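Peer 1: Those protein sequences? They're chains A and B, same order as listed. Under our numbering, think of the first position of the first sequence as 1, with each following residue one higher. Under our numbering, think of the first position of the second sequence as 381, with each following residue one higher. Positions of the beta carbon are idealized from the N, C-alpha and C atoms, including for glycine. For clarity, every value in this text was computed on a predicted model and none was experimentally measured. Got a structure here, written out as structure tokens. Questions coming.
Protein chains: 2
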Amino acid sequence: MKIFVLGGDGFCGWPTALKLAKENHEVWIIDNLSRRRIDEELESNSLTDIEPIGKRIATARNLGWDIKFWNIDIAKSYGYFAKAVNELQPDAIVHFAEQRAAPYSMLGQTERRYTVDNNITTTHNVLNAIVDHCPSCHLVHLGTMGVYGYSKEMGSIPEGYLDITVKETGEDASILYPTNPGSVYHMTKSMDQLLFQFYNKNWNIHITDLHQGIVWGTQTEETSMDKTLVNRFDYDGIYGTVLNRFISQAATGKNLSVYGTGGQKRAFIHIQDTANCVKLAIENVPDNKKVRILNQVSEVRSVKELAMIISNSYGTPIEFLDNPRKELAENDLAVDNQGLKSLGFQPITLTANLIDDVRYIATEMHKNLKEENILNSPKW
Amino acid sequence: MKIFVLGGDGFCGWPTALKLAKENHEVWIIDNLSRRRIDEELESNSLTDIEPIGKRIATARNLGWDIKFWNIDIAKSYGYFAKAVNELQPDAIVHFAEQRAAPYSMLGQTERRYTVDNNITTTHNVLNAIVDHCPSCHLVHLGTMGVYGYSKEMGSIPEGYLDITVKETGEDASILYPTNPGSVYHMTKSMDQLLFQFYNKNWNIHITDLHQGIVWGTQTEETSMDKTLVNRFDYDGIYGTVLNRFISQAATGKNLSVYGTGGQKRAFIHIQDTANCVKLAIENVPDNKKVRILNQVSEVRSVKELAMIISNSYGTPIEFLDNPRKELAENDLAVDNQGLKSLGFQPITLTANLIDDVRYIATEMHKNLKEENILNSPKW
């Protein structure tokens, strides 16, 4: 298939693009390199020595993969992007091209407004290009489990739609799960859902929205094939997700910093599984009667449980800090992930040897670590 | 009170600004005159001879009202708008500054993208200016009944929140009414709701969202005080709402054009009531525990019923045309409007003499009518 990977230079996009290319798909990465720009802005960095996109692409092509790169800011250059869709007629567009860090989206008005403007305009421009130029194209979007919002009354987390009874009429209905986002970033993903619902209803676009858990790990089978292909590793308080942060703390002799009681349960997924799941979603096109929403999740763990696994393995003490977020201190969480499983997804779960892989990188790349960045998350 | 009226040069904004000024509030109209620009773009016009904003303001000030005008594009000039909020510290901001025609939002990609970019960015920028510079300011937003979407299972339309039972847990919950917008324009108002929910939850902003019915009429007590103050009258298929279109058809000897069976029931409100309701909402500030959602509606009528009233009064025949929209041919509709009534709202309902007022204008201003514009709505 011919596949556009929007945001294909980023942490999830790059390994997914390589996975798709290795599976003999024709891959076009479209990216404006915004994640690299934000590194400069935050005086932050990947713990791994990531290469410029040109060098990455050259290596991948030397491995025999059909992969190309196009620098387009989809939010700002609609005409240019629409032309690409019109001329190349992709079978699928994978959309990772959003600002994806909750803490970044809460830094201040500049970052709040950038996150909304970039994410909403990009998603909407992609939908418009599909409607006008390639209406049979399948849009696969990276959403987030964070839109669900984890409230007690709602029960276990279904795949996007909630069965309810309306009290006044006693009638049953299936509704889009009522969102309760915890940051401006998560709010944009809730808003994306409304765009998908309407564009699917009115123009019958094929859409898959993958509500992904918190990603951990760094390397995949494909990014490990050459050191030039190495993936990003974000360890800082703004872009680093919790498990990678713990691992880099353990690797550098710091205490593991748990926010609040650590009783927050979250859904996790390894970066290899992200690539595998997106591949499954692309290769199994949904009908266009309804937006297909799948939970892209391998397992549920509490934050404290993660810290304990690492603390027990490496003897690193745990430190409890005030939670910078407004959220429940403790919550139950059961997540339905039957959709992807029915397509063949076999989750990779947290095991000591996988954590060892990540810790090896964190230790090896210690030279790149800026300690002051580990806990630089804003409070909100 | 010191009140900003965003979009205060438009059809609802102008009479509201005058009403507030006449009630001795200090009014700052902020508008980028986009509605006048769109008139040029569509080769369309107001049936009434509206005056430039400077002349309007001068007349209003001569009447002793404290009203000023500032030309700011809030979506594009955040810094300038934020400075105004910071320096003037308004007690309330009334937000009409959105592209407000469903047919316009469905013309093509340019209009779809303009509607989303303008409406979402403007709403979000307003919220950011409040959070950063004037956190106690009360935001009053003009939403629309159109977000509810009119589905049978849901029963009568409550004021923004729906009581449900979650089937899995058997637990009760009150959720934001699940939206089912019928156009890109309505979709933006659904997305606005998510912005309000999050900004209220995270920063405790006082917010009132007025879900308004279809507005009819032209003049209010205040706009009638001088012919320089006359309000817009949109009769075309893109900006003209259904009743005004019928009246201008009747006034010019055309058949009344009913889309589909005319069995669609809709909620209506007279323009005078728009101004009255916004005044009531501003003068009764809600707490900041929850977004206050009020249905700004006077009565429910079917489109056919409206056509019959006018047909009977003026002997104009009714003509049934294919419905350009994807919607139910017939629907029931019961709307709760207790919130505004509890604040003192006394609805003006459709009566022959009020319709006569509007018809008088339509007849008088016949010279301005471009017949080819009456049925220029796009299909979608």
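Just checking: is the beta-carbon of K265 (chain A) within a distance shorter than 8 Å of some beta-carbon in chain B?
Peer 2: Output row for K265 (chain A): interface = no.
Peer 1: Can you confirm whether G10 (chain A), when its beta carbon is compared against all beta carbons of chain B, has any partner nearer than 8 Å?
Peer 2: Not closer than 8 Å to any Cβ of chain B, the Cβ of G10 (chain A) fails to qualify, so no.
Peer 1: On the premise that V215 (chain A) lies in contact with I271 (chain A), defined as a C-beta separation below 8 Å, what is that separation, rounded to the nearest angstrom?
Peer 2: 5 Å between Cβ atoms; contact.
Peer 1: Residue range of the alpha helix (DSSP H) that I689 (chain B) falls in?
Peer 2: It spans 683-694 - the alpha helix (DSSP H) in which I689 (chain B) sits, taken as one unbroken run.
Peer 1: Sorted by chain position, which residues of the same chain lie with C-beta nearer than 8 Å to P317 (chain A)'s C-beta, five sequence neighbours on each side aside?
Peer 2: Correct list, in chain order: N255, L256, S311.
Peer 1: Should the region 475-491 of chain B be called in touch with the region 519-526 of chain B, which here means at least 3 C-beta pairs below 8 Å?
Peer 2: Touching, yes.
Peer 1: Taking the alpha carbon of V496 (chain B) as the point to measure from, which residue in A:H124, A:Y114, A:N119 has its own alpha carbon closest?
Peer 2: Among A:H124, A:Y114, A:N119, the Cα nearest to that of V496 (chain B) belongs to A:H124.
Peer 1: What residue does the beta strand (DSSP E) around A393 (chain A) start on, and which one ends it?
Peer 2: For chain A, the structure presents residues 1 to 380; residue 393 (chain A) sits outside this window and is missing.
Peer 1: Taking only the alpha-carbon atoms, compute the straight-line gap between V683 (chain B) and Y639 (chain B) and give it to the nearest angstrom.
Peer 2: Those two C-alpha atoms are separated by around 8 Å.
Peer 1: Would you identify the three-state DSSP class for A198 (chain A), choosing helix, strand or coil?
Peer 2: It is Phe, not Ala, that sits at residue 198 (chain A) in the sequence shown. It is helical.
Peer 1: Out of B:V658, B:N664, B:Q718, point me to the one whose CA is closest to C392 (chain B)'s CA.
Peer 2: Nearest option by C-alpha distance: B:V658.
Peer 1: If you draw a straight line from the C-alpha of N32 (chain A) to the C-alpha of R266 (chain A), how long is it?
Peer 2: Rounded to the nearest angstrom, the two C-alpha atoms are 31 Å apart.
Peer 1: Among residues of its own chain, excluding the 5 on either side of S377 (chain A), which ones have a beta-carbon nearer than 8 Å to its beta-carbon?
Peer 2: Once the five neighbours on either side are set aside, the close Cβ partners of S377 (chain A) are P103, G237, I238, P324.
Peer 1: Could you spell out the range, first to last residue, of the alpha helix (DSSP H) harbouring S342 (chain A)?
Peer 2: Segment 338-342, the alpha helix (DSSP H) holding S342 (chain A).
Peer 1: According to DSSP, is E533 (chain B) part of a helix, a strand, or is it coil?
Peer 2: E533 (chain B) falls in the helix class under three-state DSSP.
Peer 1: Count the other C-beta atoms from every protein chain shown that fall within 10 angstroms of the C-beta of G54 (chain A), then say buried if there are 16 or more, exposed otherwise.
Peer 2: The residue is exposed, with fewer than 16 neighbouring Cβ atoms inside 10 Å.
Peer 1: Using the C-alpha atoms, what's the distance from F4 (chain A) back to G724 (chain B)?
Peer 2: Approximately 56 Å, taken between the alpha carbons.
Peer 1: Indicate, with yes or no, if the ligand FAD has a heavy atom lying under 7 Å from the CB of T218 (chain A).
Peer 2: Inclusion of the ligand FAD in the displayed structure is not the case, the ligand content being empty and no account of it being possible.
Peer 1: Would the region 512-520 of chain B and the region 449-457 of chain B be scored as touching if the rule is three or more Cβ pairs under 8 Å?
Peer 2: In short, these stretches do not touch, since the Cβ pair count stays below three.
Peer 1: Does Q469 (chain B) have its Cβ less than 8 Å from a Cβ in chain A?
Peer 2: Answer no: the Cβ-Cβ gap between Q469 (chain B) and chain A never drops below 8 Å.
Peer 1: Looking only at its own chain, which residues have a Cβ that is under 8 Å from the Cβ of I754 (chain B), when we skip the five neighbours before and after it?
Peer 2: The answer, listed in chain order, is Y615, D616, G617, G620, R625, S628, Q629, K634, S637.
Peer 1: When burial is assigned at 16 or more other CB atoms within 10 Å of the CB, is S678 (chain B) buried or exposed?
Peer 2: Classification for S678 (chain B): buried.
Peer 1: Using a 10 Å radius around the Cβ and a threshold of 16 neighbouring Cβ atoms, would you call T122 (chain A) buried or exposed?
Peer 2: T122 (chain A) comes out buried.
Peer 1: For R113 (chain A), return the contacting residues in chain B, with the cut-off set at a CB-CB distance below 7 Å.
Peer 2: Under the 7 Å cutoff, chain B gives Y458, H504, N505, N508.
Peer 1: According to DSSP, is G523 (chain B) part of a helix, a strand, or is it coil?
Peer 2: The answer is strand: DSSP assigns G523 (chain B) an E or B state.
Peer 1: Starting from Q212 (chain A), follow the beta strand (DSSP E) in both directions and report where the run begins and ends.
Peer 2: 206-212 is the span of the beta strand (DSSP E), which, as asked, contains Q212 (chain A).
Peer 1: Give the secondary structure of R266 (chain A) by DSSP, where H, G and I count as helix, E and B as strand, and everything else as coil.
Peer 2: In this structure, R266 (chain A) counts as strand in the three-state DSSP scheme.
Peer 1: When we look at the beta-carbon of L20 (chain A) and count the other beta-carbons within 10 Å, is it buried (16 or more) or exposed?
Peer 2: So L20 (chain A) ends up on the buried side.
Peer 1: Go ahead and pull the three-state DSSP assignment for Y235 (chain A).
Peer 2: Three-state result, Y235 (chain A): coil.
Peer 1: For E222 (chain A), does the count of other Cβ atoms within 10 angstroms reach 16, so buried, or fall short, so exposed?
Peer 2: Its Cβ being crowded by 16 or more others within 10 Å, E222 (chain A) is buried.
Peer 1: Beta-carbon separation of G593 (chain B) and Q726 (chain B) under 8 Å?
Peer 2: No, they are not a contact pair.
Peer 1: Whose C-beta lies closer than 7 Å to the C-beta of L306 (chain A) among residues of the same chain, with five residues either side of it excluded?
Peer 2: The residues are V242, L243, F246.
Peer 1: Check the Cβ of D39 (chain A) against every Cβ in chain B and list those closer than 7 Å, keeping chain order.
Peer 2: Going along chain B, no residue has its Cβ under 7 Å from D39 (chain A), so there is no contact; the nearest lies around 25 Å.
Peer 1: Taking all protein chains shown into account, do 16 or more other C-beta atoms lie within 10 angstroms of the C-beta of K326 (chain A), making it buried, or fewer, making it exposed?
Peer 2: So K326 (chain A) ends up on the exposed side.
Peer 1: Among B:S536, B:Y565, B:T549, which has the Cα closest to the Cα of I500 (chain B)?
Peer 2: Comparing Cα-Cα distances from I500 (chain B) to each of B:S536, B:Y565, B:T549, the minimum goes to B:Y565.
Peer 1: Secondary structure at T545 (chain B), three-state DSSP: helix, strand or coil?
Peer 2: Three-state result, T545 (chain B): strand.
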